[in-house]
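**Student:**
In this note's numbering, the protein residues as written are 828 to 1184.
Structure (structure tokens):
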């Protein structure tokens, strides 16, 4: 009862959002940050560790993907792609997405270490299944410590990958390791960008957050790799400086550094989006991403913003049937400008879905 009273007092005088609303673009929006995963159903090659399966988060992730053990056994892990494609079709604003797998941890011989890898979703599976749908685009994940890293990079490029995805803190990747220079130079040759997490990671059961220090990205940046920092590095700090602050400073220093605003409406990242939007100098460097399936969980809700939105706004957004439209409308209401929604499509050079119909 106390919480309800406090919430009511906070919202009763909220007549308008703090940041003025700008229109959602006429062109359809590309979501450049969507996860897919599997547990091995249908010979997908995917696997999830027992630690993840035994975590309370596992059932939440399954539900967010529209999956269950019964559906997985019946249709295979490929059902995730079908479900995502169908959900995009009912969205008014977001019509296509980049979906990416996740490479594992590799031992000193460059072989996949199943014992310490928590989630593995192979490129071959993601490339094959995403190719079945016009509104899904292949995002690869290549751990540069695997023995065939450069060969795998060539394979995924030929398979149509539009980016390479890393989560250094859970893949045990040190982006500043000079041994990775040949891999980075190959990325430059293929002109394929690196989407990498920075900042503290809480989705998995373990994380070496020192490897997610944004400063470690200076090596690939100096070598010419196009780097996109997920979540603008929100959450955590290194050497007494917030990761968010580090990333914003680096966005202004490096022409080839960008960031996405995925997950910045989650309850564990409250306040970060407004801080990012206060710096208009970096708007051209920011692009739209959702972090699906996390936007389809209790982590995200318009009702977490009683100081920014009116009751009418919160209710209207929450009642939308499309998970992507809820995400777009919430971010728009919180001040995300029109141009920022269009940056992802321009950056990746993927045609507007309306133009391809």
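Think of the CB as a built atom: it goes at the ideal place given N, C-alpha and C, for glycine as much as any other residue.
Going along the chain, which residues of its own chain have a beta-carbon closer than 8 Å to the beta-carbon of residue 882, five neighbours each way excluded?
**Tutor:** Here residue 882 is taken as the residue at index 55 of the chain shown, counted from 1. Once the five neighbours on either side are set aside, the close Cβ partners of residue 882 are 1032.
**Student:** What's the gap between the Cα of residue 989 and the Cα of residue 1154?
**Tutor:** The residue labelled residue 989 in the question sits at position 162 within the chain shown. The residue labelled residue 1154 in the question sits at position 327 within the chain shown. Spanning the two alpha carbons is a distance of roughly 23 Å.
**Student:** Based on the DSSP output, what are the partners of residue 948 in its beta bridges?
**Tutor:** Counting from one through the chain shown, the residue named residue 948 turns up at place 121. Checking the DSSP bridge columns, you'll see residue 948 partnered with 929.
**Student:** Excluding the 5 residues flanking residue 1118 on each side, which residues of the same chain have their C-beta closer than 7 Å to its C-beta?
**Tutor:** Counting from 1 along the chain shown, the entry for residue 1118 is found at position 291. 860, 1089 and 1090, listed in sequence order.
**Student:** Alpha carbon to alpha carbon, how far is residue 1040 from residue 911? Give it in angstroms, no decimals.
**Tutor:** Sequence index remark: in the chain shown, residue 911 carries index 84 (1-based). Sequence index remark: in the chain shown, residue 1040 carries index 213 (1-based). Rounded to the nearest angstrom, the two C-alpha atoms are 31 Å apart.
**Student:** Tell me, which residues are paired with residue 910 by DSSP?
**Tutor:** The residue labelled residue 910 in the question sits at position 83 within the chain shown. None, per the DSSP bridge assignment.
**Student:** Is the beta carbon of residue 898 sitting closer than 7 Å to the one on residue 906?
**Tutor:** Walking along the chain shown from the start, residue 898 turns up at place 71. Walking along the chain shown from the start, residue 906 turns up at place 79. It is a contact, given that the beta carbons lie within the stated cut-off.
**Student:** Residue 885 to residue 1122, Cα distance in whole Å?
**Tutor:** The residue you call residue 885 lines up with position 58 of the chain shown. The residue you call residue 1122 lines up with position 295 of the chain shown. Whole-angstrom Cα-Cα distance: 15 Å.
**Student:** Can you give me the C-alpha to C-alpha distance between residue 869 and residue 957, rounded to a whole angstrom?
**Tutor:** As a position in the chain shown, residue 869 is number 42, starting the count at 1. As a position in the chain shown, residue 957 is number 130, starting the count at 1. Near 16 Å, if we compare the C-alpha coordinates of residue 957 and residue 869.
**Student:** What three-state label does DSSP hand residue 1081 in the structure shown?
**Tutor:** Here residue 1081 refers to the residue found at position 254 of the chain shown. Residue state, collapsed to three classes: coil.
**Student:** Tell me, which residues are paired with residue 1023 by DSSP?
**Tutor:** The count along the chain shown starts at 1 and reaches residue 1023 at position 196. Note: residue 1023 sits in a beta bridge opposite 993 and 1056.
**Student:** Between the stretch 921-933 and the stretch 885-896, can you find at least three pairs of beta-carbon atoms closer than 8 Å?
**Tutor:** No, they do not touch.
**Student:** Sorted by chain position, which residues of the same chain lie with C-beta nearer than 7 Å to residue 948's C-beta, five sequence neighbours on each side aside?
**Tutor:** Working through the chain shown from its first residue, we reach residue 948 at position 121. Here the set comprises 863, 864, 865, 873, 928 and 929.
**Student:** What does a CB cutoff of less than 7 Å around residue 1081 pick up in its chain, not counting 5 residues either side in sequence?
**Tutor:** As a working mapping, residue 1081 is identified with position 254 in the chain shown. The residues are 1048.
**Student:** Distance check for residue 1042 and residue 1066, CA to CA, integer angstroms please.
**Tutor:** Here residue 1066 corresponds to residue number 239 of the chain shown, with the count starting at 1. Here residue 1042 corresponds to residue number 215 of the chain shown, with the count starting at 1. C-alpha separation (whole angstroms): 10 Å.
**Student:** Taking the straight line between their C-alpha atoms, what separation do you get for residue 1164 and residue 967?
**Tutor:** Position 337 of the chain shown holds residue 1164. Position 140 of the chain shown holds residue 967. Their Cα atoms are separated by approximately 29 Å.
**Student:** With contact counted as at least three CB pairs below 8 Å, one residue from each stretch, are the stretch 1071-1080 and the stretch 1127-1141 in contact?
**Tutor:** At 8 Å Cβ cutoff, the stretches do not touch.
**Student:** Do you know whose CA, among 965, 934 and 991, lies nearest residue 974's CA?
**Tutor:** For the purposes of this step, residue 974 is identified with residue 147 of the chain shown, where counting begins at 1. Taking only the C-alpha atoms, the option nearest residue 974 is 934.
**Student:** Over the uninterrupted alpha helix (DSSP H) stretch that includes residue 892, give me the two end residues.
**Tutor:** Walking along the chain shown from the start, residue 892 turns up at place 65. Note, residue 892: premise wrong, no alpha helix (DSSP H); not H, not E.
**Student:** Would you kindly work out how many angstroms separate the C-alpha atoms of residue 1152 and residue 1014, rounded to a whole number?
**Tutor:** In the chain shown, the residue the question calls residue 1152 occupies position 325. In the chain shown, the residue the question calls residue 1014 occupies position 187. Their Cα atoms are separated by approximately 34 Å.
**Student:** So what does DSSP say about residue 943, is it helix, strand or coil?
**Tutor:** As a first step, residue 943 is located in the chain shown; it is residue number 116 there, counting from the start. Correct three-state label for residue 943: coil.
**Student:** Does the stretch 1107-1115 come close enough to the stretch 1166-1173 to have 3 or more Cβ pairs within less than 8 Å?
**Tutor:** yes
**Student:** To which residues of the same chain is residue 1070 closer than 8 Å at the C-beta, ignoring the five residues directly before and after it?
**Tutor:** By 1-based counting over the chain shown, the position of residue 1070 is 243. Excluding sequence neighbours, residue 1070 sits near 1025, 1026, 1027, 1039, 1040, 1041, 1060, 1061, 1062, 1063 and 1064.
**Student:** Looking at the structure shown, is residue 1127 part of a helix, part of a strand, or coil, going by DSSP?
**Tutor:** By 1-based counting over the chain shown, the position of residue 1127 is 300. Looking at residue 1127 - three-state DSSP - the assignment turns out to be coil, as it is neither helix nor strand.
**Student:** With a cut-off of 8 Å on the beta carbons, I'd call residue 1126 and residue 1144 a contact; round off their distance for me.
**Tutor:** On the chain shown, position 299 is the one that residue 1126 refers to. On the chain shown, position 317 is the one that residue 1144 refers to. The Cβ separation is near 15 Å, so there is no contact.
**Student:** Could you give the DSSP three-state label for residue 1005: helix, strand or coil?
**Tutor:** Here residue 1005 is taken as the residue at index 178 of the chain shown, counted from 1. It is helical.
**Student:** In this structure, how does DSSP classify residue 963 when only helix, strand and coil are distinguished?
**Tutor:** On the chain shown, residue 963 is found 136 positions in, with the first residue counted as 1. DSSP, reduced to helix, strand and coil, places residue 963 within a strand of the structure shown.
**Student:** Can you check whether the CB of residue 857 is closer than 7 Å to the CB of residue 1177?
**Tutor:** On the chain shown, residue 1177 is found 350 positions in, with the first residue counted as 1. On the chain shown, residue 857 is found 30 positions in, with the first residue counted as 1. A contact, by the Cβ cut-off of 7 Å.
**Student:** So, are the CB atoms of residue 917 and residue 1101 less than 7 Å apart?
**Tutor:** On the chain shown, position 90 is the one that residue 917 refers to. On the chain shown, position 274 is the one that residue 1101 refers to. No, the Cβ-Cβ distance between residue 917 and residue 1101 is not below 7 Å.
**Student:** For the putative contact between residue 1044 and residue 1054, defined by C-beta atoms under 8 Å, what is the C-beta separation to the nearest angstrom?
**Tutor:** If you number the chain shown from 1, residue 1044 lands on position 217. If you number the chain shown from 1, residue 1054 lands on position 227. Contact holds; Cβ gap of about 6 Å.
**Student:** With DSSP run on the structure shown, which of helix, strand or coil describes residue 862?
**Tutor:** To locate residue 862, count along the chain shown from 1; it is residue 35. Strand, per DSSP.
**Student:** What distance in whole Å lies between the Cβ atoms of residue 1002 and residue 1023, which are believed to be in contact at a cut-off of 8 Å?
**Tutor:** Numbered from its first residue, the chain shown carries residue 1023 at position 196. Numbered from its first residue, the chain shown carries residue 1002 at position 175. Taking a contact as a CB-CB distance under 8 Å, the pair residue 1023 and residue 1002 counts as one, their CB atoms being some 7 Å apart.
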